[in-house]
Each structure stands twice: as structure tokens, then as C-alpha cells.
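**Q** Handing you this structure, nothing more for now.
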Amino acid sequence: MPAMVPATLRSRAGVIATTAAAFSSLFIPAATAIDLERRTDLSSEDKARVNQILKAPTDFSKAEKFELMQAGKTTSRKPLNRAAFTHPSTNLPFEQHQDFRLGESLFQKLWVSTPSSTRASDGLGPLFNARSCESCHPKAGRGRPPVEDERPVSIFLRLSVAPSTPEERALIESGKVPFLPEPTYGSQLQNFGVPGVPGEGEIKITYEEIKVDLSEGEVAYLRKPTYTIENLAYGPMSDHALVSARVAPPMIGLGLLEAIAETDITSQADPEDADQDGISGRVSWVDPNDSDTRTVGRFGWKALKASVQSQSAGAFTGDLGLSTPYDLRNYGDCTEAQTVCFEQAHGEQADLGISEAPDPVLDLVVFYSQNLAVPARRDVNDPRVLAGKKVFHEAGCASCHTPKYVTSRTAENPVHQFQLIWPYTDLLLHDLGQGLSDDRPTGSASGNEWKTPPLWGIGLTENINNHRFFLHDGRARGLLEAVLWHGGEAEAAKTRVVEMPAKDRANLIRFLETL
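Just so you know, we're using numbering that gives the first Met the number 0 here: the sequence shown kicks off at 0 and counts up by one.
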């Protein structure tokens, strides 16, 4: 994103405006870019019906049919208080509510170090970022960067080093590993340790304010973060270390995202920009089971995980330092250089099962995570909201934030089957420019590329988590700042937002607040 430094934008404004005019007909397409002919779960009658449902809107005088219920029959109509993200899918059978609540209790559970009198709750660490899943995802919502001198919990730093040999590069390209961990500190900086084990280091964040001139004399300010690590406990970090910050995303609707047909994602990919619309979404291919079959990554800021199970298991190991049957490392992300880790007792106990969080712990947490309901939309027929929705489409935002899907008829959980959902994501990787780049390639993604995050629930962030921090590292202090950070493939759309009438800009934000 160009830091305005006004001349930066103005020097490009004429070119961008010309480009905008040339492609304006693409922003409200007659039909979705999804190719339903690839769907093997749908009959010909289904395909005709779904094609009609997925057509992009042309009438912005009223809400689309079913738009209120943005997660289909799973949509929650519960009160929009701090617990709004914690309810089960509305169509979840009664007999499965017990598993949901058991999963919720494990999600909230505070793990302790070994040995402990609470044998079923020990195994934490030796190094960790949090003691519970909910510490990073408060109320199943969005994490944030620390304020003032607060010790960070729901933000952490990913670590890696670039491949330096043909063999290492081939390993990354195969999809079998997404990156090479930093030799001493592993795959992420863990700032806490159990008694006797020092945390790896302390994250420090400083911000630079960047002025952005908007139309009609309005001004916005962006804050550009710089990350440093102090008090490294296990010696120096590699000179070639790559560092990237992450805040925990909200948990709602994960099972529905998992139920989107893979072909609906791959058919939207256009890596060479064959249609010349400036959007070049790419699939994140991952190899989840050390097999020869790659699959589509859907979860995480770089779409490195293909399933809720693999995402959850990664969090158990990396964030909590707990082994699961999916990842049997009892010492979590500890490296050979951190010998003090391996002097500690681990929490695996044969009579309780394999790993520190044995079956069915992970399965229950996964079930809970897959069935957290998305709240219903608000004010869908408000004239300002409808005007903002029109702006969203005309500016080109829907080119990446695909509004709606119909999930697979063969989804694993019947609750998620054949649901019309409105997540506003294509689950593809997009180049968002140098302004948002972490300069850290991982898996299929370059440093500039990020997965399009779902937007459903974004307008409830302040209700649930008492903050308005957005993007992968929480740098944006509101939805407009998040939009203004977009660059790369989204540069033209961002510039339209900068240059549009102030009323349209306000209506766009009002629309996003209802998602």
C-alpha cells in the first residue's frame, strides 16, 4: 500500500483511474466466477438452481433473498452480546450438543505444567504462548496486539529461514513442509515457559504513523508496525531469520468454510490473470498427511492448513506445547538447541492414552470449532447499508471477497451440507503489495500474498472483543484503515475508496459493520 506521502498516490492516480474505467464493467458481473460444472456433488437441476442463487446482485434497493441468514440454517439468532460467537450451529442435532459443550470446556481449559495433581490437565509447554485456546481467541473471537506495556498473548511471531539449497527448495515446493524453522527458536517465538524454562524472548512493537489524504479533505492515519525481539534466552537468532506477526482470527463458521466444494475454490483461481482484470488469485496447495496428494489450504492467514483438525493440532503443539495424536511431539516446538526443554517431565501418561492431549480431546475441540455459529446479519434493508453494498461491488471488493457459496451436498457433517452461506472470501492467495508484505514466503504464498479472510462477523468485533484491530497483525485500528492498507491486486479497488465521495466511503464501512 503506498504510504501517502501524497505524491506517491497522486503520481499513479491517473493510471489507476484509467484502469478503473476500463474494467468497470467487471465489478458487477452477471454471474459468479465459480464454475459449477466441476461440482460432482450436484445434479444438473442443482447446478441450475445454484447458478441462479449465486448470481451477483444488480438490484441494490433491497436485500437479496436469504441474505439475513448469512450462514444458512446454521445461523445464530442469539443476542449480540459478548457471547455472540460462542453458540452452536442452530441446526445442530440435540444429541450433539453434549460434544459441543465438552469441546467448549476443553477450548477454555487452562493447562498446567507437569507434574501436576490434575493429571488430565498437565503437559503444558515446556515453551508456550498461552495456557488455553480461549486465551488467544477470547469468546471465540479475534486476538489483538498488546497495548502499552501489556504482555502479548493473542499475538505471536512466526519464525523461519529461507531455503538455501536445492533440496530445501524442492521440499518447500513439494508442499510437504511450508517453511524451514529457525534453527534455535523453531517455528514461532514462545514468550512463556514452565517453571525452570525461560521463555524464548519478548516481542516489542513500535509504530510509524502514515498520513493518507482522502477525497473531500478527509484524512486517515495508518500505523506501520516494526517488530523486534528482546532478551533472547537461548542465544542469537539466525542472521537470516524471517519474522512475521499473527493475531488469532475469529473462530465462527469454520466448518462451513471446510464444506465449500474444493472446485468452487480452484475454479476462481487465475494465477496468470488470464481475464486481465488485475486479480490473480492462487490456490494454496498443501500436503496435510505426508502423502502424494495435495489439497487446498483454507485456514490460517497464509492458508497453510487444509482442515480444522490440522489447524487445531498445530495450535495445540505450537501455542500450548501439547502433543496430540495428530502431532506426537511432547516437547512442542522446542529445538535441539533448547536442551533445558528436554530435561523437563512431559505430560503423556500411558493409562490416559497416546500424547499429552489424548483422544478424544482434539476431536472434541475440532467439533466445537467446526460448529461455532455465525450470527445473523443486521440492518440488511437499511438504505445506507444497501448503498454501501453497492459501493463494495462497484469498487471491486467482491473480486476477492466472494460473497456467497452453496456448500457441498457431501460435506462430512450433515449440518453443513447444501447451505447457502455468505462468508465474503475466495480462500485464495492474493498479492496485497509491499505495504502488507511480511517478506516471509511460506508454503505456496510469497511474502506479499495473503489468503482473503472471511468477513462474516467482522462488524461484531467490538461487541465481542472490546477492540477494533484488524488485519493479520492487528495494525488497522478500524475497518477503513484495513481497507487503506490494501495494495497490489487490490490497489485499484483501494484507490477507488480513497477517491470516492465521502458519503460512499461511509456507506461502505456501514455495510461492512453489518456483516
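Even for Gly, the Cβ is constructed at its ideal location relative to N, Cα and C.
Remember, it's a predicted structure, so these values are computed and weren't measured experimentally.
For Ser-368 versus Met-250, is the C-beta distance shorter than 8 Å?
**A** Yes, Cβ-Cβ distance for Ser-368 and Met-250 is below 8 Å.
**Q** Is it buried or exposed for Lys-502, if we count other Cβ within 10 angstroms and need 16 for buried?
**A** Lys-502 comes out exposed.
**Q** In chain order, which continuous runs of the alpha helix (DSSP H) of length 4 or greater are located wholly inside the stretch 290-363?
**A** Complete alpha helix (DSSP H) runs here, min 4: 307-317.
**Q** Thinking C-alpha only, which one of Ala-481, Phe-59, Asp-58, Val-193 is nearest Val-211?
**A** Of the listed residues, the one whose Cα sits closest to Val-211 is Ala-481.
**Q** Can you list the alpha helix (DSSP H) stretches of 4 or more residues lying completely in the stretch 422-491, in chain order?
**A** Those alpha helix (DSSP H) runs which fall completely within the stretch 422-491 and span 4+ residues are 460-464, 478-483.
**Q** Assign His-515 to one of two classes, buried (16 or more other C-beta atoms within 10 Å of its C-beta) or exposed (fewer than that).
**A** The displayed coordinates of the chain run from 0 to 514. Any statement about residue 515 would go beyond what the structure contains.
**Q** What is the rounded straight-line gap between the Cα of Phe-22 and the Cα of Val-390?
**A** A caution first: Phe-22 carries a pLDDT of 33, below 50, which makes its placement in the model unreliable, though a value can still be read off. In a straight line, the C-alpha of Phe-22 is about 15 Å away from that of Val-390.
**Q** Under the three-state reduction of DSSP, which class applies to Phe-127: helix, strand or coil?
**A** Note: Phe-127 maps to strand in three-state DSSP.
**Q** Considering Cα atoms alone, identify which of Ser-60, Val-246, Pro-165, Glu-207 is closest to Arg-519.
**A** As displayed, the chain neither begins before 0 nor continues past 514, which places residue 519 out of reach and without an answer.
**Q** What span of residues does the alpha helix (DSSP H) with Lys-46 cover, start to end?
**A** Looking at the DSSP string, the run of the alpha helix (DSSP H) that includes Lys-46 is 43-53.
**Q** Taking C-alpha atoms, which residue in Asn-465, Glu-271, Arg-474 lies nearest to His-136?
**A** Comparing Cα-Cα distances from His-136 to each of Asn-465, Glu-271, Arg-474, the minimum goes to Asn-465.
**Q** Mind checking whether Glu-490 and Gly-432 have CB atoms under 8 Å apart?
**A** It is a contact, given that the beta carbons lie within the stated cut-off.
**Q** Given a threshold of 16 other Cβ atoms within 10 Å of its Cβ, counted over all protein chains shown, does Gly-216 qualify as buried or as exposed?
**A** Gly-216 is exposed by the Cβ-count criterion.
**Q** Count the other C-beta atoms from every protein chain shown that fall within 10 angstroms of the C-beta of Val-307, then say buried if there are 16 or more, exposed otherwise.
**A** With 16 or more other Cβ atoms within 10 Å, it is buried.
**Q** Can at least three beta-carbon pairs, one atom from the stretch 191-198 and one from the stretch 162-176, be found at a separation below 8 Å?
**A** The stretch 191-198, when compared against the stretch 162-176, does not touch it at the 8 Å Cβ threshold.
**Q** Is the beta carbon of Gly-102 less than 8 Å from the beta carbon of Val-414?
**A** No, the Cβ-Cβ distance between Gly-102 and Val-414 is not below 8 Å.
**Q** Between the C-alpha atoms of Ala-305 and Thr-441, what's the straight-line distance to the nearest angstrom?
**A** Going by the C-alpha atoms only, they are around 14 Å apart.
**Q** Measuring CA to CA, which of Pro-374, Phe-106, Ile-508, Asn-412 is closest to His-392?
**A** When only C-alpha atoms are compared, the closest one is Ile-508.
**Q** Taking DSSP as the reference, what is the three-state secondary structure of Gly-102?
**A** DSSP places Gly-102 in helix when its eight states are reduced to three.
**Q** Determine the DSSP secondary structure at Asp-121, reduced to helix, strand or coil.
**A** Strand at Asp-121.
**Q** Opposite Ser-159 in the DSSP bridges: which residues?
**A** Note: Ser-159 sits in a beta bridge opposite Leu-241.
**Q** Can you name the start and end residues of the beta strand (DSSP E) that Thr-183 belongs to?
**A** Premise fails: Thr-183 is in no beta strand (DSSP E) and is neither H nor E.
**Q** Between the alpha carbons of Tyr-220 and Asn-80, how many angstroms are there, rounded?
**A** Tyr-220 and Asn-80: Cα-Cα distance of roughly 30 Å.
**Q** If we count the other Cβ atoms within 10 Å of its Cβ and call it buried at 16 or more, is Tyr-184 buried or exposed?
**A** So Tyr-184 ends up on the buried side.
**Q** With DSSP collapsed to three states, give me the class of Phe-178.
**A** Of the three classes helix, strand and coil, the one that applies to Phe-178 here is coil, per DSSP.
**Q** Among Ile-259, Gln-275, Asp-263, Ala-244, which has the Cα closest to the Cα of Trp-300?
**A** The option with the nearest alpha carbon to Trp-300 is Ala-244.
**Q** Under a Cβ-count criterion, where at least 16 other Cβ atoms within 10 Å of its own Cβ denotes burial, should Ser-283 be classed as buried or exposed?
**A** Buried, because 16 or more other Cβ atoms sit within 10 Å of the Cβ of Ser-283.
**Q** Tell me which same chain residues have a C-beta within less than 7 Å of the C-beta of Ala-505, skipping the five on either side of it?
**A** So the list is empty, once near-sequence residues are dropped.
**Q** Buried or exposed: Asp-437, going by 16 or more other Cβ atoms within 10 Å of its Cβ?
**A** Classification of Asp-437: buried, given that the 10 Å Cβ count is 16 or more.
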